[in-house]
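These notes concern the structure reproduced below.
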Amino acid sequence: MLLLDIKNLTIELKTPDALVRAVDRVNLSLREGEIRGLVGESGSGKSLIAKAIVGVLNKRWQVTADRFSWRGQDLLNLSYDEQRKIIGRDIAMIYQEPSRSLDPTAAILEQLEEAVPDHLLDGPWWKRSYLRRRKAIGLLHKVGIRDHQSVLQSVPYQLSEGICQKIMIAMAIAKNPKLLIADEPTTALESTTQAQLFRLLASFNQLKGMSVLLISHELESIARYTQSLSVLYCGQLVEAGETAAILKQPYHPYTHALIKSVPEFQPNLQPKTPLYALPGSIPVLQHLPIGCRLGPRCPNARKECVKTPSLERLQNHYFSCHFPLTGKND
Amino acid sequence: MSILLEVRNLHKTYRKQAGLFRQRSICALNDVSFSLAEGKTLAIVGETGSGKSTLAKLLVGIEKPDSGEILLAGTVAKISHYRQYNHMIRFIFQDAAKSLNPHQKVGQMLDDVLRFSTVLDSHQRRQKIRMTLKQLGLLDEHSEYYPHMFSGGQLQRVALARALILDPKLLILDEALTALDPSLRAQIVNLLLDLQQKSGLAYLLITNHLRLVKHIADDLLVLHQGMTLDYGTTAQVFSHPQHDYSRKLINSLTA
Numbered sequence: 191m192l193l194l195d196i197k198n199l200t201i202e203l204k205t206p207d208a209l210v211r212a213v214d215r216v217n218l219s220l221r222e223g224e225i226r227g228l229v230g231e232s233g234s235g236k237s238l239i240a241k242a243i244v245g246v247l248n249k250r251w252q253v254t255a256d257r258f259s260w261r262g263q264d265l266l267n268l269s270y271d272e273q274r275k276i277i278g279r280d281i282a283m284i285y286q287e288p289s290r291s292l293d294p295t296a297a298i299l300e301q302l303e304e305a306v307p308d309h310l311l312d313g314p315w316w317k318r319s320y321l322r323r324r325k326a327i328g329l330l331h332k333v334g335i336r337d338h339q340s341v342l343q344s345v346p347y348q349l350s351e352g353i354c355q356k357i358m359i360a361m362a363i364a365k366n367p368k369l370l371i372a373d374e375p376t377t378a379l380e381s382t383t384q385a386q387l388f389r390l391l392a393s394f395n396q397l398k399g400m401s402v403l404l405i406s407h408e409l410e411s412i413a414r415y416t417q418s419l420s421v422l423y424c425g426q427l428v429e430a431g432e433t434a435a436i437l438k439q440p441y442h443p444y445t446h447a448l449i450k451s452v453p454e455f456q457p458n459l460q461p462k463t464p465l466y467a468l469p470g471s472i473p474v475l476q477h478l479p480i481g482c483r484l485g486p487r488c489p490n491a492r493k494e495c496v497k498t499p500s501l502e503r504l505q506n507h508y509f510s511c512h513f514p515l516t517g518k519n520d
Numbered sequence: 515m516s517i518l519l520e521v522r523n524l525h526k527t528y529r530k531q532a533g534l535f536r537q538r539s540i541c542a543l544n545d546v547s548f549s550l551a552e553g554k555t556l557a558i559v560g561e562t563g564s565g566k567s568t569l570a571k572l573l574v575g576i577e578k579p580d581s582g583e584i585l586l587a588g589t590v591a592k593i594s595h596y597r598q599y600n601h602m603i604r605f606i607f608q609d610a611a612k613s614l615n616p617h618q619k620v621g622q623m624l625d626d627v628l629r630f631s632t633v634l635d636s637h638q639r640r641q642k643i644r645m646t647l648k649q650l651g652l653l654d655e656h657s658e659y660y661p662h663m664f665s666g667g668q669l670q671r672v673a674l675a676r677a678l679i680l681d682p683k684l685l686i687l688d689e690a691l692t693a694l695d696p697s698l699r700a701q702i703v704n705l706l707l708d709l710q711q712k713s714g715l716a717y718l719l720i721t722n723h724l725r726l727v728k729h730i731a732d733d734l735l736v737l738h739q740g741m742t743l744d745y746g747t748t749a750q751v752f753s754h755p756q757h758d759y760s761r762k763l764i765n766s767l768t769a
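One line per chain: the protein sequences are G and D, in this order.
Each residue of the first sequence is one higher than the one before, counting from 191 in my numbering.
Each residue of the second sequence is one higher than the one before, counting from 515 in my numbering.
Encoded structure:
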């Protein structure tokens, strides 16, 4: 069964002049127990999508969708309170910079205990606070922090970025969520800690069947841990499908460029030779090109590209391009 | 190729007052030596607190080493006399948007660099600015722009222009490529490689990004708590790391 099913999600920013369309008709679906990657450069709207799913966008953003269902229930038609109830029960999110998202004035113990919901503590009321503390310690052990005593008494600035991120994960899994959204969980971390965290997320996925939506701007770091992938460019979904299939044969020129610009995916590339790069830079939101937003940078753009291509499907592989790359002309 | 920069037995210890009479000392660099030839790239990798940034600070003369020597082109240099050396060694910061003055036009900023460090007159300076901008793929009009008018990739080019306008021999990049988006990073990497081929620039790349190191660096130095763990050509260190820590670092890439 589909856990999350979003069709034509559009997120617009209200400005005095006009509505700016930051995310343009994006489809996203997640099965239970799946790890999906969401890749895109800065300004591609990946964090906006994540925030729209957890419903934390402020009033200036207008979210519309043809379908926005969570386990068969349409979220956008529910009242605010009901929305919060469902999202609060089932979805957890890890934000970009852990040391900034934690409360700088409170000890870790307080913050962790706060994240444990009441219904998970079964015991008489006089034992509640004891159970809560046991649970907090257990959570720290689960994310691989053995020295719980000193960590629990610390304040965020005393801990390293890696440990802060682990604490964020501990807080997120405290309520046994069905879906965990990790928004650039590893950008601030070192490469050894990065690998550790990805393994941690993968193990929770396997042990508890928790679905994970991994958001990142680096294709290479998340390709190894995801089963399926969605690639965004400037708020448009350019390609989606199974990770292995996309890496093997991308249909969209942007995905192709992303893969080719990473030395790791090019085993035949000699060191110190130029990398493949698209010309130009990412357009800003105020001056988005019409039609396919990759148009001005695309190596094989033609006249038809001023019309937005529709999302086409080839087996389980979706792409939106008028002139998809095939194996031959690559 | 002649050796451009040689560092011998560099030590640096920071002292911190930890009470009325007690002092705590932190050894940031312990006996670090390496050499860098013209037109080559040396990458320095290590976790936070490994002394990477201290090393960069010593090399541009912001801090003085406790002991050890820095040799530039074969002669011992007192880098902290940076008026003398700042046109040889230039530094690029992590975040171009934050390291440029928002009140200053790009042309003005580049002009200041030339005014303080060279003897060119105003006409020659303008000529030089135009040439440097062109070299980095920017337009003449861009010298009238303020930093906020540029996109991320262009800003990184402006930062490069500020570094390259004095025709340095060595460029220190402190995590300058990490924060960029992949397609921009590929562009900047291409630009750097191109510059290196044309003008024999040497790079000292301080980074966490091992995949990039593998592609663009000739030599690799692994630092851990101020100590050199592995030092050799990139291919050699990647295939036969000597220490457990470097092995862990390299395995995190491939595991």
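Every residue, glycine too, gets a C-beta built ideally from N, C-alpha and C.
From a predicted model like this one, the values you see are computed outputs, not experimental measurements.
- Task: Could you tell me the distance, in whole angstroms, from the CA atom of G:Met361 to the CA atom of D:Lys619?
- Result: Whole-angstrom Cα-Cα distance: 46 Å.
- Item | Secondary structure, alpha helix (DSSP H): runs of 4+ residues fully inside the stretch 435-493 of chain G | Every unbroken stretch of the alpha helix (DSSP H) spanning 4 or more residues and falling wholly within the stretch 435-493 of chain G is given here in chain order: 443-450.
- Message: I'd like to know whether the C-beta of D:Gly651 is nearer than 7 Å to at least one C-beta of chain G.
- Response: By this cut-off, D:Gly651 is not an interface position.
- Task: List the residues of chain D whose Cβ lies closer than 8 Å to the Cβ of G:His407, in chain order.
- Result: Within chain D, the residues near G:His407 are Asp695, Pro696.
- Item | As assigned by DSSP and simplified to three states, the class of D:Ile576 | D:Ile576 falls in the coil class under three-state DSSP.
- Query: At least one CB of chain D closer than 7 Å to the CB of G:Cys511: is that the case?
  - Reply: No, G:Cys511 does not count as interfacial toward chain D.
- Message: I'd like the list of long-range same chain contacts for G:Arg322, defined as Cβ closer than 8 Å, with 5 residues on each side in sequence excluded.
- Response: Shown here for G:Arg322: same chain residues with a beta carbon closer than 8 Å to its own, the five before and five after excluded, namely Glu303, Val306, Leu311 in chain order.
- Where does G:Val496 land, buried or exposed, given buried means 16+ other C-beta within 10 angstroms? Looking at its Cβ environment, which holds fewer than 16 other Cβ atoms inside 10 Å, G:Val496 is exposed.
- Query: Whose C-beta lies closer than 6 Å to the C-beta of G:Ser259 among residues of the same chain, with five residues either side of it excluded?
  - Reply: Only Asp195 meet the Cβ criterion.
- Message: Give me the chain D residues within the contact set of G:Thr382, using Cβ-Cβ distance strictly less than 8 Å, ordered along the chain.
- Response: For G:Thr382, the neighbours in chain D by C-beta distance under 8 Å run, in chain order, Glu561, Lys762, Leu763, Ser766.
- Do you know offhand how far G:Lys332's Cα is from G:Phe388's? Distance between the alpha carbons of G:Lys332 and G:Phe388: 14 Å.
- Task: Output the distance between the C-alpha atoms of D:Pro579 and D:Gly565, rounded to the nearest integer angstrom.
- Result: Answer to the nearest angstrom: the Cα atoms are 12 Å apart.
- Hey, quick one: how far does the beta strand (DSSP E) through D:Ala551 stretch, first residue to last? First-last of the beta strand (DSSP E) with D:Ala551: 537-551.
- Task: Inspect the beta-carbon positions of G:Glu380 and D:Asn722 and report whether they are closer than 7 Å.
- Result: Taking 7 Å as the Cβ cut-off, G:Glu380 and D:Asn722 qualify as a contacting pair.
- Item | With 16 other Cβ atoms within 10 Å as the buried cut-off, status of G:Lys518 | With a pLDDT of 48 at G:Lys518, under the threshold of 50, the modelled position of this residue cannot be trusted, and the question is left open.
- Would you say D:Arg604 and D:Pro661 are within 7 Å of each other, going by their C-beta atoms? No, they are not a contact pair.
- Query: Are three or more beta carbon pairs between the stretch 696-710 of chain D and the stretch 461-473 of chain G nearer than 8 Å?
  - Reply: By the criterion of at least three beta-carbon pairs nearer than 8 Å, the stretch 696-710 of chain D is in contact with the stretch 461-473 of chain G.
- Name the chain D residues whose beta carbon is nearer than 8 Å to that of G:Val489? Reading off the sequence shown, one finds Pro at residue 489 of chain G, where the question assumed Val. Near G:Pro489 there are no residues of chain D at all, since even the closest Cβ is about 13 Å away, more than 8 Å.
- Between the stretch 303-322 of chain G and chain D, which residues of the former have CB atoms less than 7 Å from a CB of the latter, in chain order? Answer set for the stretch 303-322 of chain G: empty.
- Between the beta-carbon of D:Ala557 and the beta-carbon of D:Ala693, is there less than 7 Å? Cβ atoms of D:Ala557 and D:Ala693: not closer than 7 Å.
- Spatial distance of G:Asp407 from G:Tyr423 (CA atoms): The amino acid at residue 407 of chain G is misidentified as Asp; the sequence shows His. Whole-angstrom Cα-Cα distance: 11 Å.
- Nearest chain D C-beta to G:Glu231 closer than 7 Å, yes or no? Chain D, which has a Cβ nearer than 7 Å to the Cβ of G:Glu231, makes this yes.
- Message: Between the stretch 444-458 of chain G and the stretch 413-428 of chain G, can you find at least three pairs of beta-carbon atoms closer than 8 Å?
- Response: With the cut-off at 8 Å, the stretch 413-428 of chain G and the stretch 444-458 of chain G touch.
- Query: Leaving out five residues before and five after G:Ile359 in sequence, what residues of the same chain have Cβ atoms less than 7 Å from its Cβ?
  - Reply: Ile284, Val333, Leu390, listed in sequence order.
- Kindly provide the ranges of any alpha helix (DSSP H) runs that are 4 or more residues long and lie completely inside the stretch 246-290 of chain G, ordered along the chain. Within the stretch 246-290 of chain G, the runs of alpha helix (DSSP H) at least 4 residues long that lie entirely inside it are, in chain order, 270-280.
- Message: Give me, in chain order, the residues of the same chain whose beta-carbon lies closer than 8 Å to that of G:Tyr441; leave out the 5 immediate sequence neighbours on both sides.
- Response: Around G:Tyr441: Glu429, Leu504, His507, Phe509, Cys511, Pro514, Leu515, Thr516.
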